[in-house]
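What follows is a short report on a single structure.
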Amino acid sequence: GYGLPAAIAAKVAFPSRTVVCFAGDGDFQMNCQELGTAMQAGAQPIVLILNNGIYGTIRAHQERHYPARVSGTNIENPDFVGIARAYGFHAERVGATSDFAGAFGRALASATGAVLELDISPEAITPRQTLSQMRDAALASHKANA
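Take 305 as the starting number for the sequence shown in our numbering and just add one per residue.
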């Protein structure tokens, strides 16, 4: 949950700079109330929520150490766009990569800061490896060590 508070602090320290926060959906939920702090401080960043419906870091550890034994990492998310708008932010949900450029342009143009909720696959857990690849590697390692 560090990303949003850190982005707000960066915007307070450097108000004329564009500040972009990258946060997973679970990460964002840990401190989403700080959108209120951002509005009160006049320090609204652009927040990109990568929504994959899971606590990604925890799930990655589960797949590496206990492959295919998932517990408590799937999450049902609230309406992030509605929450952001309730705090006074410009907000949009982006469902396709082709829609991102336009949405990001509108976010940059917004005087109130912005939250863009980006729908992504749970498989896209890191730039280098999917969840399935992590699981397969862990299963192969467990078999080799058995």
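The beta carbon of each residue, even a glycine, is placed where N, CA and C say it ideally should be.
Counting only the same chain and skipping the five closest in sequence on each side, list residues whose C-beta sits under 8 Å from that of residue i.
i, result
"G346", "P319"
"R389", "A395"
Let me check one thing: in DSSP terms, what residues is residue i bridge-paired to?
i, result
"D423", "N355"
Rounding to the nearest angstrom, what Cα-Cα distance links residue i and residue j in this structure?
i, j, result
"M438", "R368", "6 Å"
"G305", "A314", "15 Å"
"A411", "K447", "48 Å"
"F393", "D403", "19 Å"
"T434", "N355", "15 Å"
Could you pull out every residue in the same chain whose Cβ sits closer than 6 Å to the Cβ of residue i, ignoring the five residues on either side in sequence?
i, result
"V324", "I350"
"F326", "L352"
Leaving out five residues on either side along the sequence, give the residues of the same chain with a beta carbon under 7 Å from the beta carbon of residue i.
i, result
"S436", "E427"
"A317", "none"
Taking residue i and residue j to be in contact with their CB atoms under 8 Å, please state how far apart those CB atoms are, rounded to whole angstroms.
i, j, result
"L308", "L422", "In fact, because the Cβ distance is near 15 Å, the residues do not count as touching under 8 Å."
Quiz item: What are the complete beta strand (DSSP E) segments, minimum 3 residues, inside the stretch 324 to 361?
Solution: Runs of the beta strand (DSSP E) lying entirely within the stretch 324 to 361, each at least 3 residues long, are 324 to 328, 350 to 355 in chain order.
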